[in-house]
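Structure, as C-alpha coordinates:
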Amino acid sequence: MVRSVGRKAAYLGELSRMGVRVPWGFVITRSAFRRFMDVTKDKVSEALRGINLEDPKDLSRRYEIVKDIITRTELPLDISLEIEHYAREISSNLVAVRPTITSGMSGPSFAGEMETFLYVNKIDLPFFIKQAWASYFNPRSLAYRIAQGIPLDIAVLVQEMIDPEAAGTVFTIHPVTGNPNWVIIESSWGLGQAVTRGLVTPDRFVLPKRDRVIAEKNIGNKHLMLRYDPQYGGIREIPLGGKALEPSLTDEKAIELANLALRIEEFFGRHVNLEWALQDKKLYILEVRGVKTMWEEI
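Read left to right, the sequence shown gives residues 82 to 379 (the working numbering).
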(Lines of atoms letter the chains of each structure in order from A; the text may use other names.)
(Lines give C-alpha, C1' and ligand atoms only; values in the text may rest on other atoms or scores of the structure.)
Protein backbone atom coordinates (compact mmCIF):
# COMPACT_ATOMS: atom_id res chain seq x y z
CA MET A 82 0.00 0.00 0.00
CA VAL A 83 2.71 2.50 1.00
CA ARG A 84 4.60 1.78 -2.23
CA SER A 85 1.54 2.75 -4.26
CA VAL A 86 -0.08 5.65 -2.42
CA GLY A 87 2.69 6.88 -0.11
CA ARG A 88 3.13 6.86 3.65
CA LYS A 89 1.01 9.89 4.38
CA ALA A 90 -2.02 8.60 2.49
CA ALA A 91 -1.62 4.98 3.64
CA TYR A 92 -1.49 5.88 7.33
CA LEU A 93 -4.39 8.32 7.09
CA GLY A 94 -6.36 5.57 5.35
CA GLU A 95 -5.64 3.25 8.27
CA LEU A 96 -6.88 5.92 10.68
CA SER A 97 -10.06 6.43 8.68
CA ARG A 98 -10.77 2.70 8.82
CA MET A 99 -10.41 2.74 12.61
CA GLY A 100 -12.98 5.53 12.82
CA VAL A 101 -10.69 8.55 13.20
CA ARG A 102 -11.96 11.69 11.48
CA VAL A 103 -9.73 12.39 8.45
CA PRO A 104 -10.49 14.84 5.59
CA TRP A 105 -11.95 12.92 2.65
CA GLY A 106 -9.76 12.59 -0.40
CA PHE A 107 -8.07 10.48 -3.06
CA VAL A 108 -4.55 9.67 -4.23
CA ILE A 109 -2.73 10.08 -7.52
CA THR A 110 -0.53 7.00 -7.23
CA ARG A 111 3.14 6.40 -7.85
CA SER A 112 2.33 4.60 -11.09
CA ALA A 113 0.57 7.72 -12.43
CA PHE A 114 3.65 9.80 -11.59
CA ARG A 115 5.93 7.31 -13.33
CA ARG A 116 3.72 7.26 -16.42
CA PHE A 117 3.85 11.04 -16.55
CA MET A 118 7.63 11.02 -16.09
CA ASP A 119 7.98 8.54 -18.96
CA VAL A 120 6.78 11.37 -21.19
CA THR A 121 9.15 13.96 -19.71
CA LYS A 122 12.15 11.84 -18.71
CA ASP A 123 14.35 12.72 -21.69
CA LYS A 124 13.91 16.46 -21.17
CA VAL A 125 14.32 16.13 -17.40
CA SER A 126 17.43 13.97 -17.76
CA GLU A 127 18.94 16.52 -20.11
CA ALA A 128 18.09 19.34 -17.69
CA LEU A 129 19.87 17.50 -14.87
CA ARG A 130 22.91 16.39 -16.87
CA GLY A 131 26.15 17.51 -15.25
CA ILE A 132 24.43 18.99 -12.20
CA ASN A 133 26.76 20.19 -9.44
CA LEU A 134 25.39 18.90 -6.14
CA GLU A 135 27.79 21.18 -4.26
CA ASP A 136 26.44 24.35 -5.89
CA PRO A 137 23.13 25.65 -4.44
CA LYS A 138 22.71 28.09 -7.33
CA ASP A 139 23.06 25.31 -9.89
CA LEU A 140 20.59 23.13 -7.97
CA SER A 141 18.07 25.98 -7.88
CA ARG A 142 18.53 26.75 -11.57
CA ARG A 143 18.04 23.11 -12.58
CA TYR A 144 14.98 22.84 -10.36
CA GLU A 145 13.34 25.80 -12.09
CA ILE A 146 14.04 24.22 -15.49
CA VAL A 147 12.59 20.86 -14.42
CA LYS A 148 9.56 22.53 -12.84
CA ASP A 149 8.90 24.38 -16.10
CA ILE A 150 9.15 21.12 -18.08
CA ILE A 151 6.73 19.31 -15.76
CA THR A 152 4.13 22.06 -15.47
CA ARG A 153 4.07 22.64 -19.24
CA THR A 154 3.50 18.94 -20.04
CA GLU A 155 -0.11 17.79 -20.41
CA LEU A 156 -1.38 15.01 -18.17
CA PRO A 157 -2.28 11.74 -19.90
CA LEU A 158 -5.98 11.92 -20.75
CA ASP A 159 -7.05 8.93 -18.63
CA ILE A 160 -5.26 10.32 -15.56
CA SER A 161 -6.84 13.73 -16.11
CA LEU A 162 -10.32 12.19 -16.39
CA GLU A 163 -9.84 10.16 -13.20
CA ILE A 164 -8.75 13.27 -11.32
CA GLU A 165 -11.90 15.07 -12.51
CA HIS A 166 -14.07 12.11 -11.48
CA TYR A 167 -12.74 11.84 -7.93
CA ALA A 168 -12.57 15.60 -7.46
CA ARG A 169 -16.32 15.78 -8.06
CA GLU A 170 -16.82 13.50 -5.04
CA ILE A 171 -15.24 16.11 -2.74
CA SER A 172 -18.02 18.40 -1.57
CA SER A 173 -15.80 21.44 -1.03
CA ASN A 174 -14.55 23.50 -3.97
CA LEU A 175 -11.22 23.93 -2.17
CA VAL A 176 -8.75 21.12 -1.57
CA ALA A 177 -5.29 20.49 -0.15
CA VAL A 178 -2.64 18.93 -2.41
CA ARG A 179 0.04 17.05 -0.46
CA PRO A 180 3.00 15.10 -1.90
CA THR A 181 3.65 11.80 -0.14
CA ILE A 182 6.81 9.67 -0.31
CA THR A 183 6.35 6.10 -1.55
CA SER A 184 9.91 4.82 -1.27
CA GLY A 185 11.35 2.95 1.69
CA MET A 186 13.42 6.00 2.54
CA SER A 187 13.00 7.41 6.02
CA GLY A 188 13.45 10.96 7.21
CA PRO A 189 10.73 13.57 7.64
CA SER A 190 13.27 16.32 6.91
CA PHE A 191 13.38 15.07 3.31
CA ALA A 192 9.62 14.68 3.00
CA GLY A 193 9.14 18.16 4.41
CA GLU A 194 11.11 19.63 1.52
CA MET A 195 8.27 18.87 -0.87
CA GLU A 196 5.64 21.54 -1.15
CA THR A 197 2.06 21.27 0.10
CA PHE A 198 -0.58 23.46 -1.56
CA LEU A 199 -3.59 24.59 0.46
CA TYR A 200 -6.94 26.08 -0.61
CA VAL A 201 -6.55 24.91 -4.20
CA ASN A 202 -9.64 25.36 -6.38
CA LYS A 203 -10.60 21.99 -7.85
CA ILE A 204 -10.54 23.38 -11.39
CA ASP A 205 -6.81 24.08 -10.90
CA LEU A 206 -5.99 20.57 -9.65
CA PRO A 207 -4.00 19.38 -12.71
CA PHE A 208 -1.62 22.33 -12.43
CA PHE A 209 -1.05 21.92 -8.70
CA ILE A 210 -0.62 18.15 -8.95
CA LYS A 211 2.19 18.83 -11.42
CA GLN A 212 3.58 21.45 -9.05
CA ALA A 213 3.60 18.83 -6.29
CA TRP A 214 5.42 16.40 -8.59
CA ALA A 215 7.91 19.13 -9.50
CA SER A 216 8.67 19.82 -5.84
CA TYR A 217 10.27 16.36 -5.74
CA PHE A 218 13.09 17.98 -7.72
CA ASN A 219 13.64 20.96 -5.44
CA PRO A 220 17.29 21.63 -4.48
CA ARG A 221 17.51 19.81 -1.14
CA SER A 222 15.49 16.74 -2.07
CA LEU A 223 17.17 16.52 -5.49
CA ALA A 224 20.67 16.62 -4.00
CA TYR A 225 19.75 14.03 -1.39
CA ARG A 226 18.14 11.63 -3.87
CA ILE A 227 20.95 11.82 -6.41
CA ALA A 228 23.63 11.37 -3.74
CA GLN A 229 21.78 8.38 -2.24
CA GLY A 230 20.72 6.87 -5.58
CA ILE A 231 17.04 6.97 -4.63
CA PRO A 232 14.59 6.30 -7.50
CA LEU A 233 11.55 8.33 -8.53
CA ASP A 234 8.86 7.52 -5.98
CA ILE A 235 6.08 9.96 -5.15
CA ALA A 236 2.30 10.00 -4.92
CA VAL A 237 0.00 12.98 -4.35
CA LEU A 238 -2.80 13.11 -1.79
CA VAL A 239 -5.76 15.38 -2.59
CA GLN A 240 -8.06 16.11 0.36
CA GLU A 241 -11.02 18.25 1.25
CA MET A 242 -9.65 21.49 2.67
CA ILE A 243 -10.21 21.89 6.39
CA ASP A 244 -10.56 25.55 7.42
CA PRO A 245 -9.69 25.25 11.12
CA GLU A 246 -10.53 27.47 14.03
CA ALA A 247 -7.43 26.04 15.71
CA ALA A 248 -4.74 23.54 14.81
CA GLY A 249 -1.37 22.22 15.90
CA THR A 250 0.59 19.13 16.83
CA VAL A 251 0.54 16.37 19.43
CA PHE A 252 3.32 14.01 20.54
CA THR A 253 2.76 10.81 22.49
CA ILE A 254 6.31 11.04 23.81
CA HIS A 255 8.16 14.10 25.08
CA PRO A 256 9.87 15.42 21.92
CA VAL A 257 12.87 16.81 23.84
CA THR A 258 13.50 14.48 26.79
CA GLY A 259 12.13 11.30 25.21
CA ASN A 260 10.02 10.58 28.30
CA PRO A 261 7.35 8.13 27.02
CA ASN A 262 4.85 8.83 29.82
CA TRP A 263 3.52 12.14 28.55
CA VAL A 264 1.30 13.54 25.81
CA ILE A 265 2.38 17.00 24.61
CA ILE A 266 -0.11 19.16 22.68
CA GLU A 267 0.69 22.46 20.96
CA SER A 268 -2.14 24.60 19.61
CA SER A 269 -2.78 27.97 17.99
CA TRP A 270 -5.56 29.83 16.19
CA GLY A 271 -6.09 29.20 12.48
CA LEU A 272 -3.86 27.01 10.33
CA GLY A 273 -1.35 24.72 12.01
CA GLN A 274 1.57 26.14 10.03
CA ALA A 275 1.68 28.94 12.60
CA VAL A 276 2.83 26.22 15.03
CA THR A 277 4.97 24.05 12.76
CA ARG A 278 6.82 27.05 11.28
CA GLY A 279 7.39 28.63 14.67
CA LEU A 280 5.50 31.82 13.82
CA VAL A 281 3.84 32.03 17.24
CA THR A 282 4.35 30.85 20.80
CA PRO A 283 1.63 28.17 20.89
CA ASP A 284 -0.54 27.04 23.75
CA ARG A 285 0.94 23.95 25.37
CA PHE A 286 -0.90 21.20 27.19
CA VAL A 287 0.95 18.41 29.02
CA LEU A 288 -0.98 15.30 30.08
CA PRO A 289 0.29 12.14 31.81
CA LYS A 290 -0.72 8.99 29.98
CA ARG A 291 -1.67 7.26 33.21
CA ASP A 292 -4.66 9.42 34.17
CA ARG A 293 -4.96 11.76 31.15
CA VAL A 294 -5.69 14.95 33.02
CA ILE A 295 -4.04 18.26 32.25
CA ALA A 296 -0.94 18.44 34.44
CA GLU A 297 0.45 21.59 32.86
CA LYS A 298 -1.06 24.32 30.67
CA ASN A 299 0.81 27.28 29.23
CA ILE A 300 -1.09 29.82 27.14
CA GLY A 301 1.25 31.36 24.58
CA ASN A 302 1.19 34.78 22.96
CA LYS A 303 -0.35 33.83 19.63
CA HIS A 304 0.03 37.28 18.11
CA LEU A 305 -1.14 36.23 14.65
CA MET A 306 -3.01 33.48 12.88
CA LEU A 307 -2.87 32.14 9.34
CA ARG A 308 -6.21 32.15 7.52
CA TYR A 309 -7.36 31.86 3.94
CA ASP A 310 -8.57 35.14 2.46
CA PRO A 311 -10.82 34.51 -0.58
CA GLN A 312 -10.49 38.11 -1.76
CA TYR A 313 -6.71 37.95 -1.53
CA GLY A 314 -6.75 34.45 -3.02
CA GLY A 315 -4.27 33.03 -0.57
CA ILE A 316 -3.20 32.60 3.04
CA ARG A 317 -2.62 35.74 5.07
CA GLU A 318 -1.16 36.53 8.46
CA ILE A 319 -3.90 38.13 10.54
CA PRO A 320 -2.78 40.07 13.63
CA LEU A 321 -4.66 39.17 16.80
CA GLY A 322 -5.53 41.52 19.62
CA GLY A 323 -6.82 40.28 22.95
CA LYS A 324 -7.53 36.87 21.41
CA ALA A 325 -3.77 36.29 21.27
CA LEU A 326 -3.72 35.35 24.95
CA GLU A 327 -6.94 33.33 24.96
CA PRO A 328 -6.68 29.51 24.94
CA SER A 329 -7.03 28.17 21.40
CA LEU A 330 -8.15 24.78 22.75
CA THR A 331 -10.47 24.03 25.65
CA ASP A 332 -9.37 21.64 28.37
CA GLU A 333 -12.08 19.22 27.23
CA LYS A 334 -10.80 19.23 23.64
CA ALA A 335 -7.21 18.85 24.82
CA ILE A 336 -8.18 15.72 26.77
CA GLU A 337 -10.19 14.41 23.80
CA LEU A 338 -7.18 14.98 21.54
CA ALA A 339 -4.82 13.24 23.97
CA ASN A 340 -7.13 10.22 24.14
CA LEU A 341 -7.31 10.14 20.34
CA ALA A 342 -3.53 10.34 20.04
CA LEU A 343 -3.12 7.43 22.46
CA ARG A 344 -5.60 5.34 20.44
CA ILE A 345 -3.45 6.01 17.38
CA GLU A 346 -0.26 5.20 19.29
CA GLU A 347 -1.76 1.88 20.36
CA PHE A 348 -2.90 1.11 16.81
CA PHE A 349 0.55 1.67 15.28
CA GLY A 350 2.39 0.17 18.23
CA ARG A 351 4.79 3.08 18.66
CA HIS A 352 4.95 6.72 19.70
CA VAL A 353 3.53 9.16 17.17
CA ASN A 354 3.55 12.80 16.20
CA LEU A 355 0.24 14.04 14.77
CA GLU A 356 -0.86 17.18 12.99
CA TRP A 357 -4.48 17.99 13.82
CA ALA A 358 -7.13 20.62 13.13
CA LEU A 359 -10.35 21.69 14.84
CA GLN A 360 -13.27 22.64 12.60
CA ASP A 361 -16.85 23.08 13.81
CA LYS A 362 -15.77 21.63 17.18
CA LYS A 363 -14.64 18.40 15.48
CA LEU A 364 -11.07 17.13 15.60
CA TYR A 365 -9.44 16.02 12.34
CA ILE A 366 -6.10 14.27 11.94
CA LEU A 367 -4.11 15.66 9.02
CA GLU A 368 -0.88 13.68 9.32
CA VAL A 369 0.67 10.91 11.41
CA ARG A 370 4.34 10.02 11.65
CA GLY A 371 6.69 8.23 14.00
CA VAL A 372 8.87 10.33 16.31
CA LYS A 373 12.21 10.31 14.53
CA THR A 374 14.36 10.94 17.59
CA MET A 375 13.22 7.67 19.12
CA TRP A 376 11.82 5.54 16.31
CA GLU A 377 12.04 4.95 12.61
CA GLU A 378 9.42 6.93 10.76
CA ILE A 379 6.30 4.75 10.34
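Note that CB positions come from ideal geometry on N, CA and C, so glycine has one too.
Remember, predicted model here, so these are calculated numbers, not experimental data.
* **Run of the beta strand (DSSP E) containing residue 358, from where it starts to where it stops** => For residue 358, the enclosing beta strand (DSSP E) has its first and last residue at 353 to 360.
* Out of 134, 99 and 90, state which residue places its alpha-carbon closest to the alpha-carbon of residue 108. => Taking residue 108 as reference, the option from 134, 99 and 90 with the minimal CA-CA separation is 90.
* Asked: Around the C-beta of residue 201, are 16 or more other C-beta atoms found within 10 angstroms, so that it is buried, or is it exposed?
  -> Residue 201 is buried by the Cβ-count criterion.
* Do you know offhand how far residue 163's Cα is from residue 363's? -> Each residue's alpha carbon lies about 30 Å from the other.
* Nearest CA to the CA of residue 178: which residue from 165, 168 and 197? -> Of 165, 168 and 197, the residue nearest in Cα terms is 197.
* Span separating the alpha-carbon of residue 176 from that of residue 240 -> Residue 176 and residue 240 have their C-alpha atoms spaced approximately 5 Å apart.
* Among 267, 143 and 248, nearest to residue 366 - alpha-carbon criterion -> Of the candidates 267, 143 and 248, the one whose C-alpha sits nearest the C-alpha of residue 366 is 248.
* **residue 270 - partner residues in DSSP beta bridges** => 247, per the DSSP bridge assignment.
* Paired residues, beta bridge with residue 236 - DSSP -> Beta-bridge analysis with DSSP links residue 236 to 181.
* **residue 182 versus 204, 151, 214 and 203, residue with shortest Cα-Cα distance** => Selected option, being the one with the closest Cα: 214.
* To do: With a threshold of 16 other CB atoms inside 10 Å of the CB of residue 311, please say whether the residue is buried or exposed.
  => The residue is exposed, with fewer than 16 neighbouring Cβ atoms inside 10 Å.
* Asked: If you pair each beta-carbon of the stretch 324 to 344 with each one of the stretch 281 to 291, do three or more pairs fall below 8 Å?
  -> Short answer: they touch.
* To do: Classify residue 108 as helix, strand or coil using the three-state DSSP reduction.
  => Look at residue 108 here: in three-state DSSP terms it is strand.
* Asked: Ordered along the chain, which non-local residues of its own chain (more than five positions away) have a Cβ less than 7 Å from that of residue 96?
  -> Within the same chain, residue 96 has close Cβ partners 103, 345, 366 and 369.
* **Distance between residue 252 and residue 296 (C-alpha atoms, nearest Å)** => Taking the straight line joining both Cα atoms gives about 15 Å.
* Would a C-beta distance cut-off of 7 Å place residue 236 and residue 110 closer than the cut-off? -> Yes, they are a contact pair.
* Evaluate residue 339 with the Cβ neighbour count: other Cβ atoms within 10 Å of its Cβ, from every protein chain shown; 16 or more gives buried, anything less gives exposed. => Result: buried.
* residue 347 - DSSP class collapsed to helix/strand/coil -> Residue state for residue 347 is assigned as helix, using DSSP reduced to three classes.
* Asked: The alpha helix (DSSP H) with residue 210 in it runs from where to where?
  -> Residue 210: member of the alpha helix (DSSP H) spanning 206 to 215, first to last residue.
* If we count the other Cβ atoms within 10 Å of its Cβ and call it buried at 16 or more, is residue 144 buried or exposed? -> Buried, by the Cβ-count rule.
* With distances taken Cα to Cα, identify the nearest neighbour of residue 173 among 204, 150 and 154. => Ranking 204, 150 and 154 by Cα distance to residue 173 puts 204 first.
* DSSP state of residue 332 mapped onto helix, strand, coil -> In the structure shown, residue 332 adopts helical secondary structure according to DSSP, grouped into three states.
* Nearest to residue 127 by alpha carbon, out of 355, 357 and 146? -> With distances taken between Cα atoms, residue 127 lies closest to 146.
* To do: Have a look at residue 288 and residue 325 and give me their C-alpha separation to the nearest angstrom.
  => Whole-angstrom Cα-Cα distance: 23 Å.
* Taking the alpha-carbon positions, what's the residue 261 to residue 343 distance? -> Distance between the alpha carbons of residue 261 and residue 343: 11 Å.
* With 16 other CB atoms within 10 Å as the buried threshold, where does residue 352 fall? -> Within a 10 Å sphere around the beta-carbon of residue 352 sit 16 or more other beta-carbons, which makes this residue buried.
* Asked: Under a three-way DSSP split, which group does residue 200 fall into?
  -> The answer is strand: DSSP assigns residue 200 an E or B state.
* **Which listed residue (137, 100, 314 and 119) has its alpha carbon closest to that of residue 221** => Ranking 137, 100, 314 and 119 by Cα distance to residue 221 puts 137 first.
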